[in-house]
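Report on the structure given below.
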Amino acid sequence: MHKLLLGMIVVLGWLGASMAHAITVTFNGTNYTVDSFTISQNPTGVVITTAGDGGSGDPVPDPDPIPDPDPTPTPDPDPAPVPNGSCVESSTQECGVINWAAPGPRITTSVSGTNSTISWQFITTSNPDYSGDINVSETVGNEFVSRRLWISTEPGGAALASSRCSTEGTSARKINWAQRSNFLRCTLTPNTTYFVNVKNVSGCSAGRSCGFYRNMNNSGNP
Numbered sequence: 289m290h291k292l293l294l295g296m297i298v299v300l301g302w303l304g305a306s307m308a309h310a311i312t313v314t315f316n317g318t319n320y321t322v323d324s325f326t327i328s329q330n331p332t333g334v335v336i337t338t339a340g341d342g343g344s345g346d347p348v349p350d351p352d353p354i355p356d357p358d359p360t361p362t363p364d365p366d367p368a369p370v371p372n373g374s375c376v377e378s379s380t381q382e383c384g385v386i387n388w389a390a391p392g393p394r395i396t397t398s399v400s401g402t403n404s405t406i407s408w409q410f411i412t413t414s415n416p417d418y419s420g421d422i423n424v425s426e427t428v429g430n431e432f433v434s435r436r437l438w439i440s441t442e443p444g445g446a447a448l449a450s451s452r453c454s455t456e457g458t459s460a461r462k463i464n465w466a467q468r469s470n471f472l473r474c475t476l477t478p479n480t481t482y483f484v485n486v487k488n489v490s491g492c493s494a495g496r497s498c499g500f501y502r503n504m505n506n507s508g509n510p
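The numbering of the sequence shown is the working numbering, which starts it at 289 and goes up by one.
Structure follows, in structure tokens:
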């Protein structure tokens, strides 16, 4: 009986070794998946030898792809520096803009104390024959405030070289300008950025807002 059983096991072993697919072997109640196995006998008993792990003949699956690391975000570029001449609001600087080709009607505004400046940025037009004037005058209750009115290339900066580009005093102040050389007027270059500035010189106490009118006239041919 033992010889017959051993013969059957040897045959199964030979079959197991010749099969191309995985084989499940149960030993002491535990299942093992192998590619092949052989059975031999020695003086101490029966020896079962296995080969592989049951993967013969089957394609080896590709390993799970390694996910790409999260891309490092590109930091926003540093903001472009503020170009020279741009007006920046502060406790002593107010800013505005004038449409030089169509400045509009008279406006009422104010400046506090004698340490603050209001600057309006404008760009001259391309017409060298364009000309006009800009003037300021006091509002009621501010007749004794002395003001400076001037045109510069930077907000609150030094007045243009011509003496015609700056005026100072009480009551109404006016600058006549032209976009071509003119010794009787403040000469401005076409297509150029400038600033109209107003600052109280005296007669306006700290913390007090002293009002004035700003008005512009032009040749009507920008």
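For each residue, glycine too, the CB sits at the ideal point set by N, CA and C.
key: Sequence-distant residues of the same chain with beta carbon closer than 8 Å to Phe500, five excluded per side   = Reading the sequence shown from its first residue, position 212 is the one you call residue 500. Around Phe500: Thr396, Thr397, Ser398, Val399, Val424, Ser425, Glu426, Thr427, Asn430, Val433, Arg435 and Val486.
key: Contact between the segment 400-411 and the segment 454-472 (3+ Cβ pairs under 8 Å)   = no
ask   = CB-CB under 7 Å to Gly401, same chain, minus the five flanking residues each way: which ones, in chain order?
value = By one-based count along the sequence shown, residue 401 stands at place 113. These residues qualify, in order along the chain: Asn488, Cys492, Ser493, Ala494, Gly495 and Arg496.
ask   = In or out: Gly420 buried (at least 16 other Cβ within 10 Å) or exposed?
value = Counting from 1 along the sequence shown, the entry for residue 420 is found at position 132. Its Cβ being crowded by 16 or more others within 10 Å, Gly420 is buried.
task = Can you grab the Cα-Cα spacing for the pair Ala447 / Arg461, in whole Å?
result = Residue mapping note: residue 447 aligns to position 159 of the sequence shown, counting from 1. Residue mapping note: residue 461 aligns to position 173 of the sequence shown, counting from 1. Their Cα atoms are separated by approximately 15 Å.
ask   = Just the Cα atoms here: how many angstroms apart are Ser490 and Cys498?
value = In the sequence shown, counting from the first residue as 1, residue 490 sits at position 202. In the sequence shown, counting from the first residue as 1, residue 498 sits at position 210. Between Ser490 and Cys498, the C-alpha separation is close to 11 Å.
Under the three-state DSSP convention, the category Gly345 falls into = As a first step, residue 345 must be located in the sequence shown, where it is residue number 57. With a pLDDT of 49 at Gly345, under the threshold of 50, the predicted position of this residue should be treated as unreliable, though the coordinate-derived value follows. Correct three-state label for Gly345: coil.
query = What are the boundary residues of the beta strand (DSSP E) that Arg436 is part of?
reply = As a first step, residue 436 must be located in the sequence shown, where it is residue number 148. Element bounds for Arg436: Ser434 to Ser440.
message = On a Cα-Cα basis, can you pick out the residue from Ile463, Thr321 and Ile354 that is closest to Ala339?
response = Within the sequence shown, the letter at position 51 stands for residue 339. Out of Ile463, Thr321 and Ile354, Thr321 has the C-alpha closest to the C-alpha of Ala339.
ask   = Grouping DSSP H, G and I as helix and E and B as strand, with all else coil, what is Ser414?
value = By 1-based counting over the sequence shown, the position of residue 414 is 126. Reduced to three states, the DSSP call for Ser414 is coil.
inquiry  = Buried or exposed for Arg452, going by 16 or more other Cβ atoms inside 10 Å?
reply    = Taking the sequence shown and counting its residues from 1, one reaches residue 452 at position 164. Buried is the call here.
ask   = Roughly how many whole angstroms lie between the Cα atoms of Ile336 and Ile354?
value = As a first step, residue 336 must be located in the sequence shown, where it is residue number 48. As a first step, residue 354 must be located in the sequence shown, where it is residue number 66. Roughly 40 Å separates the two Cα atoms.
task = Please confirm whether Asn479 and Ile422 have their CB atoms less than 9 Å apart.
result = Against the sequence shown, residue 479 aligns to sequence position 191. Against the sequence shown, residue 422 aligns to sequence position 134. Result no, Cβ atoms of Asn479 and Ile422 do not sit closer than 9 Å.
ask   = Going by C-alpha distance, which of Asn330, Gly444 and Ile463 is nearest Glu377?
value = Stepping through the sequence shown from its first residue, residue 377 is reached at position 89. That would be Gly444, whose Cα lies nearest to the Cα of Glu377.
message = Let's test the definition: count the other Cβ atoms within 10 Å of the Cβ of Arg473 and tell me whether it reaches 16, buried, or not, exposed.
response = For the purposes of this step, residue 473 is taken as residue 185 along the sequence shown, with counting starting at 1. Buried is the call here.
ask   = Quick one: what's got a C-beta closer than 7 Å to Ser379's C-beta in the same chain, skipping five residues either side?
value = By one-based count along the sequence shown, residue 379 stands at place 91. No residues qualify anywhere along the chain.
task = Please report how far the alpha carbon of Thr458 lies from the alpha carbon of Thr413, in whole angstroms.
result = Within the sequence shown, residue 458 is the residue found at index 170, counting from 1. Within the sequence shown, residue 413 is the residue found at index 125, counting from 1. Approximately 31 Å between the Cα atoms of the pair.
Cβ-based burial, Thr314 [other Cβ within 10 Å; buried from 16] = As a first step, residue 314 is located in the sequence shown; it is residue number 26 there, counting from the start. Result: exposed.
request  = For Gly429, write down the residues that DSSP places opposite it in a beta bridge.
outcome  = The residue you call residue 429 lines up with position 141 of the sequence shown. The partner list for Gly429 (beta bridge, DSSP) is empty, contrary to what the question assumes.
request  = Buried or exposed for Thr312, please, with buried defined as at least 16 other CB atoms from any protein chain shown within 10 angstroms of its CB.
outcome  = In the sequence shown, counting from the first residue as 1, residue 312 sits at position 24. Classification for Thr312: exposed.
task = Determine the DSSP secondary structure at Ser450, reduced to helix, strand or coil.
result = As a working mapping, residue 450 is identified with position 162 in the sequence shown. Three-state result, Ser450: coil.
ask   = Which stretch, first to last residue, makes up the beta strand (DSSP E) that contains Ala466?
value = The count along the sequence shown starts at 1 and reaches residue 466 at position 178. Run containing Ala466: Arg461 to Ala466, per the beta strand (DSSP E) assignment.
ask   = How close, in whole Å, do the beta carbons of Tyr482 and Thr441 come, if the pair is a contact with beta carbons under 8 Å?
value = As a working mapping, residue 482 is identified with position 194 in the sequence shown. As a working mapping, residue 441 is identified with position 153 in the sequence shown. About 6 Å separates the two Cβ atoms, so the contact holds.
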